[in-house]
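**Student:**
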Amino acid sequence: MTSQQALLVLLPFIAAFGLTRRRRLTAVIGMGMFSLTLSAVYLLLHAPDVAITEVAIGAALVTFIYVLAIRKTGRLVIVGDEAPGLLEREGDRITGLEQEILAGFARHLGLDLVVHFLPREEVEEALLRGEADIAAGGIVHVDAEDRLLKTQGHLPTGLFQLTGEDAAEPKQAQETEWIYFSDVLEAVRAQEKGVYTLDLARFIAVSRLGLSGYAVERLSSSFSYIFLLPPDREELHQRLSAHLDHLRQSGELGEMIRRYFS
Amino acid sequence: MRWPSRGMIITASALAICFCALLIMMFDYHGAREEAGAAYIERGTIDTGAANLVAAIYLNYRLFDTLFEILVFSVAVLGVRFYLAQQRGSEKEIARIPESQVIRISADLLFPPILLLGIYLVLFGHLSPGGGFSGGTVAGTGLLLCAVALGADVVARRFHEAALERFEWGVLLAILLLALFPVVLRRLPLTDLLSPGRVGNMVSGGSILIYNVLIGVKVFIGTWVIIHYFVRHRGEI
Numbered sequence: 148m149t150s151q152q153a154l155l156v157l158l159p160f161i162a163a164f165g166l167t168r169r170r171r172l173t174a175v176i177g178m179g180m181f182s183l184t185l186s187a188v189y190l191l192l193h194a195p196d197v198a199i200t201e202v203a204i205g206a207a208l209v210t211f212i213y214v215l216a217i218r219k220t221g222r223l224v225i226v227g228d229e230a231p232g233l234l235e236r237e238g239d240r241i242t243g244l245e246q247e248i249l250a251g252f253a254r255h256l257g258l259d260l261v262v263h264f265l266p267r268e269e270v271e272e273a274l275l276r277g278e279a280d281i282a283a284g285g286i287v288h289v290d291a292e293d294r295l296l297k298t299q300g301h302l303p304t305g306l307f308q309l310t311g312e313d314a315a316e317p318k319q320a321q322e323t324e325w326i327y328f329s330d331v332l333e334a335v336r337a338q339e340k341g342v343y344t345l346d347l348a349r350f351i352a353v354s355r356l357g358l359s360g361y362a363v364e365r366l367s368s369s370f371s372y373i374f375l376l377p378p379d380r381e382e383l384h385q386r387l388s389a390h391l392d393h394l395r396q397s398g399e400l401g402e403m404i405r406r407y408f409s
Numbered sequence: 003m004r005w006p007s008r009g010m011i012i013t014a015s016a017l018a019i020c021f022c023a024l025l026i027m028m029f030d031y032h033g034a035r036e037e038a039g040a041a042y043i044e045r046g047t048i049d050t051g052a053a054n055l056v057a058a059i060y061l062n063y064r065l066f067d068t069l070f071e072i073l074v075f076s077v078a079v080l081g082v083r084f085y086l087a088q089q090r091g092s093e094k095e096i097a098r099i100p101e102s103q104v105i106r107i108s109a110d111l112l113f114p115p116i117l118l119l120g121i122y123l124v125l126f127g128h129l130s131p132g133g134g135f136s137g138g139t140v141a142g143t144g145l146l147l148c149a150v151a152l153g154a155d156v157v158a159r160r161f162h163e164a165a166l167e168r169f170e171w172g173v174l175l176a177i178l179l180l181a182l183f184p185v186v187l188r189r190l191p192l193t194d195l196l197s198p199g200r201v202g203n204m205v206s207g208g209s210i211l212i213y214n215v216l217i218g219v220k221v222f223i224g225t226w227v228i229i230h231y232f233v234r235h236r237g238e239i
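Keeping their order, the protein sequence lines are chains A and B. Position one of the first sequence corresponds to residue 148 (our numbering), numbered consecutively onward. Position one of the second sequence corresponds to residue 3 (our numbering), numbered consecutively onward.
1. Work out the CA separation of V342/A and P317/A for me, nearest whole Å.
2. Looking at the unbroken alpha helix (DSSP H) that takes in R125/B, where does it start and where does it end?
3. Quick check on the DSSP output: the alpha helix (DSSP H) that includes R380/A runs from which residue to which?
4. Drop a sphere of 10 angstroms on the beta-carbon of V224/A, count the other beta-carbons inside from all chains shown, and report buried for 16 or more, exposed for fewer.
5. Just how far apart, CA to CA, sit G172/B and I223/B?
6. Helix, strand or coil: which one does DSSP assign to G398/A?
7. What residue does the alpha helix (DSSP H) around A38/B start on, and which one ends it?
8. Can you list, in chain order, the residues of its chain whose CB lies under 7 Å from that of K297/A, leaving out five sequence neighbours each side?
9. Which residues of the stretch 263-274 of chain A have a Cβ closer than 9 Å to any Cβ of chain B? Give them in chain order.
10. For the stretch 79-90 of chain B and the stretch 149-166 of chain B, state whether three or more C-beta atom pairs, one from each stretch, are separated by less than 8 Å.
11. Along the chain, where does the alpha helix (DSSP H) containing E271/A start, and where does it finish?
12. Considering only residues of the same chain and omitting the five flanking positions on each side of A41/B, which have a CB-CB separation below 6 Å?
13. What does the alpha-carbon distance come out to for the pair V185/B and Y63/B?
14. What does the alpha-carbon distance come out to for the pair L347/A and A362/A?
15. V262/A: buried (16+ other C-beta within 10 angstroms of its C-beta) or exposed?
16. Would E339/A be called buried (16 or more neighbouring beta carbons within 10 Å of its own) or exposed?
17. Between G177/A, S186/A and G227/A, which has its C-alpha nearest E126/A's C-alpha?
18. Select from the stretch 171-199 of chain A all residues with a C-beta closer than 7 Å to any C-beta belonging to chain B, and list them in chain order.
19. When DSSP labels each residue in this structure, what does Q151/A get in the three-state scheme?
20. Ignore the nearest five residues each way along the sequence and tell me which others in A187/A's own chain have a CB closer than 8 Å to its CB.
21. Using a C-beta to C-beta distance shorter than 7 Å, which residues of chain B count as neighbours of A207/A?
22. Reducing DSSP to helix, strand and coil, say where I326/A ends up.
23. Quick check on this structure: which residue in L157/A, S359/A and G165/A has the alpha carbon closest to the alpha carbon of M10/B?
24. With 16 other CB atoms within 10 Å as the buried threshold, where does A163/A fall?
25. Taking just the CA atoms, how far does F264/A sit from A320/A?
26. Does A162/A come within less than 8 Å of chain B when only Cβ atoms are used?
27. Go ahead and label V104/B buried or exposed: buried means 16 or more other beta carbons lie within 10 angstroms of its beta carbon, across all protein chains shown.
28. Grouping DSSP H, G and I as helix and E and B as strand, with all else coil, what is A194/A?
29. Just confirm the distance between the C-beta atoms of L302/A and P377/A, as a whole number of angstroms; I'd bet it's less than 8 Å.
30. Using a beta-carbon distance below 8 Å, is S76/B in contact with chain A?
31. Between T68/B and chain A, is any beta-carbon pair separated by less than 8 Å?
32. What does I404/A touch in chain B if you count any residue whose Cβ is under 8 Å from its own?
33. Check D346/A in the structure and name its three-state DSSP category.
34. Note down the Cα distance separating A176/B from L216/B, rounded to an integer number of angstroms.
35. For chain B, check one thing: does any of its Cβ atoms lie closer than 8 Å to the Cβ of D392/A?
36. Under a Cβ-count criterion, where at least 16 other Cβ atoms within 10 Å of its own Cβ denotes burial, should V230/A be classed as buried or exposed?
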C-alpha cells in the first residue's frame, strides 16, 4: 500500500470525524485536518500548485473564518458572582452545582461554556446589554428584575440578613460600592459593620468565619435559586427549562444536589 | 432528537462518495490523455517561457478560463459586501475577550514569514509551484492572523478601506485590458505580446509574471475586504 493510498483511505474517516462532532470547534478542526490530508494527496499526485492552494484556502483561510465565527456564536456565556457550592472558583477551574447544570446544557447544545464573574448588581445589566446568555451564581427569585426571563427554581434556599452589632443606621444597599461576594467575606472576616443580605449557600460560607459580631435574621418566606435570561432569548429559555425538567424528572438534579450539599 | 439521524445520513453519504472516488482513482485512466495534453507537455515551456507548466496553461493557453475565475472571485467579494452592507453594524460595544499572550506572540513571529511566503509564491509563480491565487490567499491569511491577535479594528485602521476597494477594481480592469490587448491587435494566434525570455530566469514567461502580481494583489485585497466586512457588520471577531 503506497502512502497515497493510505491517505486516501484515511480521508473518509477524517471526514466522518468532522461531521459527527457535536462541539463546533472540534468539527472545524476536523475539517482543517481533512484539507491538510487532501493537500498531501495532491502533492503525492504531483500537483504541488493545487496542494499549495488547498492548504492556503482549505486548511488555513476557511478554518480561520469558521473559528472566528464560532468565537461569537459557539459560546454559552454565563455571568454571575461567585457562590459557594453553586458557582465557585477552584484554582483555574470552576465548580459547583450550577456550573455542572449549565455545562451539561452547553454540551447538549454543542457550545462551549464561558463564565465571566461580575458583581451581583452588574449581572442584570450585562444580560440586558446582550453580553451574556445566562445569569447564574446563587440568584434568588425575589430580587430578580421583572424584565428578564426566569427559570423554575432548581434548589430551595433561604435569605439571611446579617446586621453588624453597632450599626446604628444600616448602610443602604445603593450607597455601597458594587461588590463581589469575596469582598463580603473579607468584610465579615474583619468584623466590619453593615447590613448584608445573603442567600443560604453564601450564608453557610460566611457563618464558618464566626458571626459573633452580627445579629442574624432569617427572612421568613420560601425562596429558591433560579437562572436569568435576557428578554429576547425565548428559545434559549424554553430549552433551558426543558433541560432542567429533564434533570429533575430523571433524578440527576437530586443526585447533583446531594453531591454538593451533604 | 432529529440531529443524530441527519448526521448519520450526511456521514453515510460522505463515506459512500469518498469510497466511490477511491474506486475511480484506483483505475488507471489511459483514455484521458488527449492530444492537447501531450502538446502542452511537449511545447508548453518553449511557447510560454514559464518553467511551471501549470502556470503556462492557466495564464497563457487557457487565460480565457482564468479570467472567469477572477470574475467569480470578484463577484464573491461583491456579494459579501452587498449583503453585509444591508445589515446594520451593531451599535453596542461588545466586550472584547482578552487574548492570550500565546496568540499575540505567535502572530508577531509568524506574520513576517507568512507575508514573505505569499510574496514569494506570487513572484515565482512562473518558475515554481504557486501563483497569484495561492500567494494572495497566503498573505491574506497572515493578515487574518494579525486581526485575531490585535483585533480587527487595529488592523483596519492601518488600511484606507475606500482607496483599497477602488484599487481592487482598478486591478481587475488592468487584468482585463492586458488580456484584451492581443485581441484588439488581432495577432494570430492569440499569444502573449511579451517575449518568453530564457526559461528559468526571474524575468521570463512573458506576461505571466504580471498576471500573477495583479491576481495576487487582487486576491489579497479581496480576502481582507471579506474579513473586514464580516467583522464590521457581524461584530467583533
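In this text, a Cβ means the ideal position worked out from N, Cα and C, and glycines have one as well. None of these values were measured; they are calculated from a predicted model.
**Tutor:** Here's the rundown:
1. Position 170 of the first sequence holds residue 317/A. Position 195 of the first sequence holds residue 342/A. Because P317/A sits at a pLDDT of 49, beneath the cut-off of 50, its placement in the model cannot be relied upon, and the point is left open.
2. Reading the second sequence from its first residue, position 123 is the one you call residue 125/B. Here residue 125/B is Leu; the residue named in the question, Arg, does not match the sequence. Q103 to L125 is the span of the alpha helix (DSSP H), which, as asked, contains L125/B.
3. Numbered from 1 along the first sequence, position 233 holds the residue referred to as residue 380/A. Here R380/A belongs to no alpha helix (DSSP H), and DSSP marks it neither H nor E.
4. Taking the first residue of the first sequence as 1, we reach residue 224/A at position 77. Buried.
5. As a position in the second sequence, residue 172/B is number 170, starting the count at 1. As a position in the second sequence, residue 223/B is number 221, starting the count at 1. Those two C-alpha atoms are separated by around 12 Å.
6. Mapped onto the first sequence, residue 398/A falls at position 251. Coil.
7. Within the second sequence, numbered from 1, the residue matching residue 38/B stands at position 36. E37 to T50 is the span of the alpha helix (DSSP H), which, as asked, contains A38/B.
8. By 1-based counting over the first sequence, the position of residue 297/A is 150. The answer, listed in chain order, is H288, A291, I373 and L375.
9. H263 and A273
10. Taking 8 Å as the limit for Cβ pairs, the verdict is that the stretch 149-166 of chain B does not touch the stretch 79-90 of chain B.
11. Position 124 of the first sequence, counted from the first residue, corresponds to residue 271/A. Segment R267 to L275, the alpha helix (DSSP H) holding E271/A.
12. Your numbering for residue 41/B matches position 39 in the second sequence. Closer than 6 Å at Cβ, skipping near neighbours: no residue.
13. Translated into positions along the second sequence, residue 185/B becomes position 183. Translated into positions along the second sequence, residue 63/B becomes position 61. When rounded, the distance between both Cα atoms is 14 Å.
14. Residue 347/A sits at position 200 when you count from the first residue of the first sequence. Residue 362/A sits at position 215 when you count from the first residue of the first sequence. Distance between the alpha carbons of L347/A and A362/A is about 16 Å.
15. The residue you call residue 262/A lines up with position 115 of the first sequence. V262/A should be labelled buried.
16. As a first step, residue 339/A must be located in the first sequence, where it is residue number 192. Answer is exposed; the Cβ neighbour count stays below 16.
17. This structure cannot speak to residue 126/A, because chain A is shown only from 148 to 409.
18. Those residues of the stretch 171-199 of chain A that come within reach of chain B (Cβ to Cβ, closer than 7 Å) are P195, D196 and I199.
19. What you label residue 151/A is simply residue 4 of the first sequence in a count that begins at 1. It is helical.
20. Numbered from 1 along the first sequence, position 40 holds the residue referred to as residue 187/A. Closer than 8 Å at the Cβ level, and outside the excluded window around A187/A, lie L154 and A198.
21. For the purposes of this step, residue 207/A is taken as residue 60 along the first sequence, with counting starting at 1. Under the 7 Å cutoff, chain B gives T143.
22. Counted from its first residue, the first sequence places residue 326/A at position 179. Note: I326/A maps to coil in three-state DSSP.
23. Here residue 10/B refers to the residue found at position 8 of the second sequence. Nearest of L157/A, S359/A and G165/A to M10/B, Cα basis: G165/A.
24. Translated into the one-based positions of the first sequence, residue 163/A becomes position 16. With 16 or more other Cβ atoms within 10 Å, it is buried.
25. For this step, residue 320/A is matched to residue 173 along the first sequence. For this step, residue 264/A is matched to residue 117 along the first sequence. No answer about A320/A holds up, because its pLDDT of 47 lies below 50 and its placement is not dependable.
26. Position 15 of the first sequence, counting from 1, holds the residue named residue 162/A. With 8 Å as the cut-off, A162/A counts as an interface residue toward chain B.
27. As a first step, residue 104/B must be located in the second sequence, where it is residue number 102. Residue burial is scored here from C-beta neighbours: V104/B has fewer than 16 other C-beta atoms within 10 angstroms and is therefore classed as exposed.
28. Indexing the first sequence from 1 puts residue 194/A at position 47. Three-state DSSP puts A194/A in coil, outside helix and strand.
29. The count along the first sequence starts at 1 and reaches residue 302/A at position 155. The count along the first sequence starts at 1 and reaches residue 377/A at position 230. Actually they are not in contact, since the Cβ atoms of L302/A and P377/A sit about 22 Å apart, beyond 8 Å.
30. The count along the second sequence starts at 1 and reaches residue 76/B at position 74. S76/B does not count as touching chain A.
31. In the second sequence, the residue the question calls residue 68/B occupies position 66. Output row for T68/B: interface = no.
32. The sequence position of residue 404/A within the first sequence is 257, counting from 1. Contact of I404/A with chain B by beta-carbon distance below 8 Å is absent, the smallest such distance being about 27 Å.
33. Position 199 of the first sequence holds residue 346/A. Annotated three-state conformation of D346/A is strand, per DSSP.
34. Your numbering for residue 176/B matches position 174 in the second sequence. Your numbering for residue 216/B matches position 214 in the second sequence. Cα to Cα, the separation comes out at about 8 Å.
35. Translated into the one-based positions of the first sequence, residue 392/A becomes position 245. Not an interface residue.
36. Taking the first sequence and counting its residues from 1, the one referred to as residue 230/A is at position 83. Correcting the residue type first, residue 230/A is Ala in the shown sequence and not Val. Label assigned to A230/A: buried.
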